[in-house]
Amino acid sequence: MTFLAAGRFWPILPEPGLIFWTILIFFLFWMLMSKFAFKPISDALAKRNGDIEDALKTAEQARNEMANLKSENEKLLSEAREERAKMLKEARETGNATIEEAKEKARQEAQKIISNARQEIENQKVQAMKEVKNQAGNMALEIAEKVIRRELKGDASQTSFVNDLVNEIKLN
Amino acid sequence: MRTKSIFRVFLLVTILISGFSNKTFAGGDGPFNPGEVALHHIADAHTFHFFGDIYIPLPAMIFYDRNGGGVTFLPSSASFDIGKGGNGSIAIDRYVLSHGVVRRIKDTNFPMGKVNISWDGHGSHGDDHSAHDHSKHDHSGHGHAGHDHGDHKEKGMKDKIMDELDKGHDVQAFYNGKGFDLEDRSTLDGGLAGGGMTSYMDFSITKNVFTMLFVALLLGFVFLRVAKAYRTRDGQAPKGLQGFMEPLFVFIQDEVAKPMIGEEKYARFMPYLMSAFFFILGLNLLGQIPFFPGSGNASGTISITIALALFTFLITNLNGNRDYWTHILWMPGIPAAVKLIITPVEIMGVFLKPIVLFIRLFANITAGHIVIVAFVGLIFVLGESGKNLVGAGVGAVAATLLTMFMMALELLVAVLQAYIFTILSASYIGAAVEEHHHHEEAH
Chain S
0 MTFLAAGRFW
10 PILPEPGLIF
20 WTILIFFLFW
30 MLMSKFAFKP
40 ISDALAKRNG
50 DIEDALKTAE
60 QARNEMANLK
70 SENEKLLSEA
80 REERAKMLKE
90 ARETGNATIE
100 EAKEKARQEA
110 QKIISNARQE
120 IENQKVQAMK
130 EVKNQAGNMA
140 LEIAEKVIRR
150 ELKGDASQTS
160 FVNDLVNEIK
170 LN
Chain C
0 MRTKSIFRVF
10 LLVTILISGF
20 SNKTFAGGDG
30 PFNPGEVALH
40 HIADAHTFHF
50 FGDIYIPLPA
60 MIFYDRNGGG
70 VTFLPSSASF
80 DIGKGGNGSI
90 AIDRYVLSHG
100 VVRRIKDTNF
110 PMGKVNISWD
120 GHGSHGDDHS
130 AHDHSKHDHS
140 GHGHAGHDHG
150 DHKEKGMKDK
160 IMDELDKGHD
170 VQAFYNGKGF
180 DLEDRSTLDG
190 GLAGGGMTSY
200 MDFSITKNVF
210 TMLFVALLLG
220 FVFLRVAKAY
230 RTRDGQAPKG
240 LQGFMEPLFV
250 FIQDEVAKPM
260 IGEEKYARFM
270 PYLMSAFFFI
280 LGLNLLGQIP
290 FFPGSGNASG
300 TISITIALAL
310 FTFLITNLNG
320 NRDYWTHILW
330 MPGIPAAVKL
340 IITPVEIMGV
350 FLKPIVLFIR
360 LFANITAGHI
370 VIVAFVGLIF
380 VLGESGKNLV
390 GAGVGAVAAT
400 LLTMFMMALE
410 LLVAVLQAYI
420 FTILSASYIG
430 AAVEEHHHHE
440 EAH
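As you go down the protein sequences, you meet chains S and C in turn.
For the first sequence, numbering that gives the first Met the number 0 gives the first residue as 0, with consecutive numbering after it.
For the second sequence, numbering that gives the first Met the number 0 gives the first residue as 0, with consecutive numbering after it.
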């Protein structure tokens, strides 16, 4: 009943025809697939990987830039704050200086006024003394005149009269 | 849902069994021999056994010397008029179709051209042996077909045993009531594995060649569509078939090519590794399908695995760099005396690597097929070739369970062997292109 050549285990026999066809078919398959499928797929995958990597890199860069911007802003803000403090301080100092100056000026002015006043007073005083002297002279003259006139009338009354006069001449 | 799928598997197994259950296949009246069936099942053929007695003819291309005038070839296995059991009823130029396989009548006195033959009278052929000349038929291991200078002295013991076996067991074609012995196509084993050169070379599109073409075209269709998807959907996430294939592609790239060959050089070998992986996977899986267009045992045929391993061998050694050859021919860092031992071993290694590659793939796939066929054969063994219904029933249950298990296992083996072939190829290529950085005679 055997229908095979006895003892022939075909799968283990190397057949030139099968080897030829396998080489031909597989070689063509390899070459065609390489050109039209595997290389393009490989390239597409590599390209996509590259794109993804680029996108990630760009995102990272953007993030870094954001962080940079933020720190820069903060720096600017703190600088502005410092500037403000400085300006305030300066203003205060200027104000104080102005006040000081004004005070000094005022003092000087006051001093000047006072000294002027003093001068004036001195002058007035001299003037007044001069007047007093003049008046006293006049008065003395008057008194003397009156006394002289009274001598002609009596002693007692003369004396009291002189006293009255003296009382009258109170400076002030 | 589960019962449905179990039913489907049962149906599948039944279809598979039906392929064997017809009389011609199971051997008709004789005792059922599961070994024979298994051998036939995994052997190549010039027809595609579709169902029962339906055989799909395939183009037979056999180059032979016709009337001493140039090389001719036979157009198709259909011209043999395929009949019951894949036996042709016509002989063309001494070629006949026996059980779906084109063979040649040994006797050179047999008439050329188209001749009607029969396959009957089978049992009595033992007495007819005087009818043909044994000195003219077997040139195992001596090359040239068709040169009949019968040389008995050069025949080895093995050949003589083969002759005896042929006499006792092989079929015969009958013409005018006379039986004629048949010979097979040439093989390149030089008689070592029972084959040898005969009178003709066979370059037919056999079942295995058809399987390879089918796989190549199917994969071509799939991958061209995937490549197109990458073109048209540039920059978008993968979808559909593309989404299904991409992880496989990336797997071969990241788990096989990159670690074995290295980041800088792997890209050049990706197309080969991808082709090898998917081609072998396709052959393995198609071989698992028990009906047309499956059932071809292509990756379990050594001719095919030899050819595939040849590619790895050539790619490895054509790309081998200085370091690779230095390590093979004059291993640095060891004493000269040891080098004399190492060098032959290394040179043997260059050839052993691809040999291991093709034997492993062939043996794994063939073994799987044989085990499955043997399990299915339980039905006929237990049922005494279908005569005992109870035995056949028990056999059917046991065979179904065991075959289901084996088929599941074979699915794993199919993927695993394709992967192993690819990763070993990658590792051989990787060793050939690797740049060595010597650390002060660190070997």
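In this text, a Cβ means the ideal position worked out from N, Cα and C, and glycines have one as well.
None of these values were measured; they are calculated from a predicted model.
Listed by position along chain S, the residues whose Cβ is nearer than 7 angstroms to that of C:F310 are F25. For C:P270, the nearest beta carbon of chain S is closer than 9 angstroms to its own beta carbon. Distance between C:F420 and C:K105, taken at the CA atoms: about 40 angstroms. Within the same chain, and ignoring the five residues on either side of C:S117 in sequence, the residues whose Cβ sits closer than 6 angstroms to its Cβ are F173.
The CB of C:G382 never comes closer than 9 angstroms to any CB in chain S; the least such distance is about 17 angstroms. Within the region 290 to 344 of chain C, no beta strand (DSSP E) run of at least 3 residues lies entirely inside it.
By the Cβ neighbour-count rule, C:A373 is buried, with 16 or more other Cβ atoms within 10 Å of its own. For C:A90, same chain residues with a beta-carbon under 6 angstroms away, outside a window of 5 residues either side, are V114, I116 in chain order. Nearest neighbour of C:L307 by Cα position, chosen from C:L360, C:G319, C:F243, turns out to be C:L360. By the Cβ-count criterion, C:F179 is buried, with 16 or more other Cβ atoms from all chains shown falling within 10 Å of its own Cβ.
The beta-carbon separation of C:I260 and C:V432, rounded to 7 angstroms, stays under the 8 angstroms limit for a contact. For C:V255, there is no enclosing beta strand (DSSP E), as DSSP gives it neither H nor E.
Against chain C, the CB of S:L17 has a partner CB under 9 angstroms away; the residue lies at that interface. Note on C:N283: 16 or more other CB atoms within 10 angstroms of its CB, so buried under the neighbour-count rule. For the 9 angstroms CB-CB criterion, S:L12 and C:G390 do not form a contact.
Separation of C:A42 and C:I422 (C-alpha to C-alpha, rounded to the nearest whole angstrom) is 28 angstroms.
Across the structure, C:F62 and C:M200 are spaced so that their CA atoms are roughly 6 angstroms apart.
Cβ neighbours of C:Y265 within its own chain (closer than 6 angstroms, five residues either side excluded): A256, K257. Interface with chain S (9 angstroms Cβ-Cβ cutoff): C:G299 is included.
Taking a Cβ-Cβ threshold of 7 angstroms, the residues of chain S close to C:I41 are P10, in chain order. Against chain S, the CB of C:S76 has no partner CB under 9 angstroms away; the residue lies outside that interface.
Counted as a single uninterrupted DSSP element, the beta strand (DSSP E) harbouring C:E182 occupies residues 177 to 182.
Inter-residue distance for C:R93 and S:I18 is about 25 angstroms (C-alpha atoms, whole angstroms). Counted as a single uninterrupted DSSP element, the alpha helix (DSSP H) harbouring C:N283 occupies residues 265 to 287. For the region 172 to 194 of chain C, the residues whose beta carbon sits under 7 angstroms from a beta carbon of chain S are, in order, D183, R184, S185, T186, L187, D188, A192, G193, G194.
Inclusion of C:L57 and C:S75 in the CB contact set at 9 angstroms is warranted, their separation being smaller than that value. Non-local beta-carbon contacts of S:I168 in its own chain, meaning distances under 8 angstroms to residues more than five positions away in sequence, involve A135, M138, I142 in chain order. Taking 9 angstroms as the cut-off, the Cβ atoms of C:V208 and S:G16 count as close.
Contacts with chain C (Cβ-Cβ distance below 9 angstroms) from the region 40 to 52 of chain S involve I40, S41, D42, A43, L44, A45, K46, R47, D50, listed in chain order.
Residues of the region 341 to 359 of chain C whose Cβ lies closer than 7 angstroms to any Cβ of chain S: none.
Interface criterion met: the Cβ of S:M32 is under 9 angstroms from a Cβ in chain C. If you check the CB distance, S:M32 and C:M211 do not come in under 9 angstroms.
The Cβ atoms of C:T300 and C:L356 lie no closer than 9 angstroms to each other. Here S:T57 carries a helix assignment [DSSP, helix/strand/coil]. The region 26 to 40 of chain S and the region 218 to 227 of chain C touch, with no fewer than 3 CB-CB distances between them shorter than 8 angstroms. At a cut-off of 9 angstroms between beta-carbon atoms, C:E263 makes no contact with chain S.
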